[in-house]
Structure formats: C-alpha cells, structure tokens
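For reference, the structure is listed below as structure tokens.
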Amino acid sequence: MKLADMLSYADIGQLSRIATTYRCECSGNSKNELIQSILSTVNRREVFETQIGSMKMEDLRFINSLLFDSRDSFSLEELIARVQQSKFGQTSAEPAAVTPSVLPQPTAKETKKPAKRSKKSPVPAVESGPRETISRFKQYGWLFNGYEGPNRYLFQVPSDLKERFKETLGKQFLAQAVYVEEEPHAYRDEQLILGEDVMHFLDFVYHNEIPLTSDSVMYKRSMMQIMDRFGVKEAFPARGEWRFGYGRRIKDYPNRLSLIYDYCYYNGWLSEADSLLTLTSAGKERQLKRIPEPSDKLYVFWLRLYKGAIPNIRAIVHWIDQLSHKWVKLASLQTVLTPYIKPFYYDQPETILEQRLLGMMMHLGLLRIGDDPASGQVVRMTPIGRSIVAGLSIENDAIVLN
1 MKLADMLSYA
11 DIGQLSRIAT
21 TYRCECSGNS
31 KNELIQSILS
41 TVNRREVFET
51 QIGSMKMEDL
61 RFINSLLFDS
71 RDSFSLEELI
81 ARVQQSKFGQ
91 TSAEPAAVTP
101 SVLPQPTAKE
111 TKKPAKRSKK
121 SPVPAVESGP
131 RETISRFKQY
141 GWLFNGYEGP
151 NRYLFQVPSD
161 LKERFKETLG
171 KQFLAQAVYV
181 EEEPHAYRDE
191 QLILGEDVMH
201 FLDFVYHNEI
211 PLTSDSVMYK
221 RSMMQIMDRF
231 GVKEAFPARG
241 EWRFGYGRRI
251 KDYPNRLSLI
261 YDYCYYNGWL
271 SEADSLLTLT
281 SAGKERQLKR
291 IPEPSDKLYV
301 FWLRLYKGAI
311 PNIRAIVHWI
321 DQLSHKWVKL
331 ASLQTVLTPY
341 IKPFYYDQPE
351 TILEQRLLGM
361 MMHLGLLRIG
371 DDPASGQVVR
381 MTPIGRSIVA
391 GLSIENDAIV
401 LN
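UniProt numbering applies: residue 1 is where the sequence shown begins, and numbers increase by one.
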C-alpha cells in the first residue's frame, strides 16, 4: 500500500500526530484536510532529503534493513530485534544516547489544530529504546499498523516511501563513490565457473572413494584432488584461523569449496555415513545430468547461508550492485558501506565486505575485481550479476546447516 492509502485508513489521532511532527498548517478536525496537508509536505523533495540527511546512523541502518525485505508486514518483535541489531556496539539494555528532544508530545489542543508549518526540518523525539524508535517512525508516517484482523498487530512501510528511501540513499551513496574511467590492466571474472565446479565436484565424489575423518571432514589429499579439477584454485585456511558462521564446512574448507560442499549437502546430494563421502540417490540423479548448476540458484543459497552472520546481506548486495555499475574504487565502497555492516565476532566490517561479500560475489560470477596501478583495487558488476541481483524474489529465512 502507498502512503496515501495508509493515511486514509489511519484514525484522526494518528493523523494529527503525523501532522504535528511535520508542522502542517491545517484543521485538526478534518481527516481529509490532514491527509492532504501531510501528503503535500512529505512529497516535497527537500523535506524528505533533509530528513534522511539528519537521521542518525542507527536509524539509517534500521530503515535500510526494511527496504529490501520481500515481506510487506513485520511484527513488533521483529522490528524491535532490527532496531537492536542496528545499534552496533550496544546491547539491548544500552540505548543510544541522543540530544534532548525539542519536539513535545501533542496536547489535546494541538491534536485539534497542529502547529503551523515551519521551514525547519522536524526534530526526532527523544529515544530511550527500540519501542520509542518505532513510535518515532510512526510519527513520521514511515511505519503504520494494520487496521483489521490479525494485521492490526503488524507494521508496514508505505511502498512509495520505500522507493523514495532507496532513491535518496542511492544519491547520497553515489556522491561518495569514486569511479575509474579506464579499464584496469587486469581483473578476475569467474562468471559461470562456480556452477561448472559443482558438476565437477559431484563427478569426483561419484567416481572416487573419499575417506572422512572422525569429524566427517575430507582429508587434505582429497581436497587437493578436487580443487585440481576446479576452474578456480584456493589456498587452504591457515592453521588456527578463526572460521565459523558462514556455513557448515567453512571451518574445514576454503571459502569457495565450502560453499560448493554446503550447497550439495543442503540439496541432499551428499552422504557422510560410515566415514565415507558418497552421493545419495538424489545426488547420483543430479550427477547423471552432467550440466552446470544455475548461477541464480547458487546466489540464492549464498544469500540465505550468509544471512545468519550478515542479517542485512540483501541490502548490502543491492548497494554494491547500484554503486558498481562501472569500475569503482574499492576504498570508496568501504567508506560508503562499512558503516552499515555489523561486526561478526572477530570479523570486522572491512573483512566482511572484502572477503565474505565482494570475494564471494566474484566467485559467484556477480562481479569482477581488478587492479589499477593508480587507483588500487576496483570492482564492477558483471552483466549476469546485475540481472541476477535485480530479478529475484528471495526467501528471507537464513539457512543453518548443522
């Protein structure tokens, strides 16, 4: 639903609170006049852009987490969890400190007639916890409750405001990105190779006896033989390297091999019984097809597998796609995106962006990574990457492979 539709369902008390927040000059007793005044104010480009520009980082992270979710509605518990996730370095019991608010709660008199419109942008209400953040977003007209049945307990962001948020944030991000006009001297492009290596992996398991350790891990010799068949070579993880949270076998195998293994395991193609790695009946059926795995299926799996460690991975991938339509300096991408990436234990935002996101997107064939003598590392989305990221409706649940 669009903002106008949601306003028409709102009661006059909520409309009055929104009108007071925007300093609308209108009668507080006329629902139609309140709606028209709110729409007139919110639809002014300078008002909206000023609001976005004055938002705190945790608020930007919160709204960013809602913009790319395929669902239309969110429970209060979900919103509270997202607000808490947006406050990096703070526990749920430690709300962010903010400057005192100068925006009073509307009195009965103000409810009847909101304050006259001011040229100054509205000032956020004082925040002392997730519920207050959600309440403030409702006062801005950015979140609405449902109006009947079970939907009364769910919240929605107006669809047209979602697009305006994306457009405004995109302009701000693009202004910070630094682009390179010339093609780099060398770059890595792995389009379609990962899907072919899934096929090679299944072939190897089918034709060879692969012993497993007591922890159901392949021995190094088997891993080397498998990767010799792959189109992309990888180094083995360093001894004692911190590795967990990005898949079932990330602690045992290199990043790319781990993704291939977990993908096959999740699809029910692998058996780890009796200290041997073999194909299941479904795996043998898949192996007989002798065709590469589609890139879009691998991408969807990767998003869901990494979602546990990077909850807002869909939003970050969207912005990488938008900012990398041509060769862009990696350093500028870091500047723009790392404030939106939450550390995951010992993985810092820079590491998550470079290794877990950009590195894996390259393996998936979604982008190219190049080296430029003058600009350092640069990245650019591939044509197939742009179409895959733009054209998919993806499940939101994270994949957990125990």
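Ideal Cβ positions, reconstructed from N, Cα and C, are used throughout, including at glycine.
ask   = From L169 to I52, what does the alpha carbon distance come to, in whole angstroms?
value = 8 Å
task = Could you please give me the residues that DSSP links to D371 through a beta bridge?
result = A186, Q377
query = In chain order, which alpha helix (DSSP H) runs of at least 4 residues are fully inside the stretch 5–80?
reply = 12–21, 31–42, 45–54, 57–67
inquiry  = In the DSSP output, which residue or residues are listed as bridge partners for K271?
reply    = For clarity, residue 271 is Ser in the given sequence; the question names Lys instead. Looking at the DSSP assignment, S271 forms a beta bridge with T278.
inquiry  = Considering only the alpha carbon of each residue, which of W319, R304, D160, V205 lies closest to M227?
reply    = V205
task = Starting from the Cα of I38, find the closest Cα among Q14, M57, E58 and give me that residue.
result = Q14
query = F301 lies in the beta strand (DSSP E); which residues open and close that run?
reply = Where F301 is concerned, there is no enclosing beta strand (DSSP E), although the alpha helix (DSSP H) it sits in stretches over 295–306.
query = Going straight from the alpha carbon of E148 to that of F155, what length do you get?
reply = 12 Å
ask   = DSSP beta-bridge partners for R145?
value = Before going on, a small fix: residue 145 reads as Asn here, not Arg. Answer by DSSP bridge pairing, in chain order: F155.
ask   = Applying the criterion that 16 or more other CB atoms from any shown protein chain within 10 Å of the CB defines a buried residue, is R61 buried or exposed?
value = buried
Closest by C-alpha distance to T278, when choosing among R290, Y261, K289 = Y261
Inter-residue Cα distance where the pair is D321 and D371 = 19 Å
request  = Closer than 6 Å by C-beta to P292: which residues in its own chain qualify, once you throw out the five before and the five after it? Chain order, please.
outcome  = G195, E196, M199
inquiry  = What residue range does the alpha helix (DSSP H) around residue 406 cover?
reply    = No answer is possible for residue 406: the residues shown for the chain start at 1 and end at 402.
request  = List the residues that DSSP assigns as beta-bridge partners of K329.
outcome  = V378
key: Cutoff 7 Å; reference Q191; Cβ partners in own chain excluding five residues on either side   = G365, T382, I384
query = Could you give the C-beta distance for M1 and S216, rounded to a whole number, given that I count them as a contact under 8 Å?
reply = At roughly 49 Å, the Cβ-Cβ gap does not stay under 8 Å, so M1 and S216 are not in contact.
ask   = Going by the beta-carbon positions, is the gap between E33 and S27 smaller than 8 Å?
value = yes
message = Quick check on DSSP: helix, strand or coil for P383?
response = helix
For F165, the residue or residues it bridges with in DSSP = F165 pairs with nothing; no bridge assigned.
key: First through last residue of the alpha helix (DSSP H) which encompasses M1   = No alpha helix (DSSP H) holds M1; DSSP gives it neither H nor E.
request  = Tell me, please, which residues DSSP counts as bridged to D347.
outcome  = F344
ask   = Which residues in the same chain as P211 place their Cβ atom closer than 7 Å to its Cβ, once the five residues preceding and following it in sequence are excluded?
value = Y219, S275, L276
key: Three or more C-beta pairs below 8 Å linking the stretch 79–86 and the stretch 175–193   = no
request  = Could you tell me how far apart the beta carbons of V317 and V400 are, in whole angstroms, since I believe they sit closer than 8 Å?
outcome  = Between V400 and V317 the Cβ distance is about 20 Å, and since that is not below 8 Å, they are no contact.
inquiry  = Assuming contact is defined by CB atoms lying nearer than 8 Å, are R256 and H363 in contact in what I supplied?
reply    = yes
request  = Assess, as a yes-or-no matter, whether the stretch 42–50 is touched by the stretch 58–78 under the definition of 3 or more beta carbon pairs within less than 8 Å.
outcome  = no
task = Check the DSSP bridge columns for I210 and list the partner residues they point to.
result = L277
task = Put Y266 into one of helix, strand or coil per three-state DSSP.
result = helix
query = Per DSSP, Y261 forms a beta bridge with which residues?
reply = According to DSSP, Y261 bridges with nothing at all.
request  = Take W269 as the anchor and find which of T213, R286, D59, Y253 has the nearest alpha-carbon.
outcome  = R286
task = Would you mind reading off the limits of the alpha helix (DSSP H) that contains F137?
result = 130–139
message = The alpha helix (DSSP H) that contains S216, what's its start and end?
response = From DSSP, S216 is part of no alpha helix (DSSP H); its letter is neither H nor E.
Residue range of the unbroken alpha helix (DSSP H) whose run includes V400 = Counting along the chain, V400 falls outside any alpha helix (DSSP H), and DSSP gives it neither H nor E.
query = Quick one, are the C-beta atoms of L367 and S324 less than 8 Å apart?
reply = yes
8 Å CB neighbourhood of W142 in its chain, flanking five on each side removed = I63, V157, P158, L161
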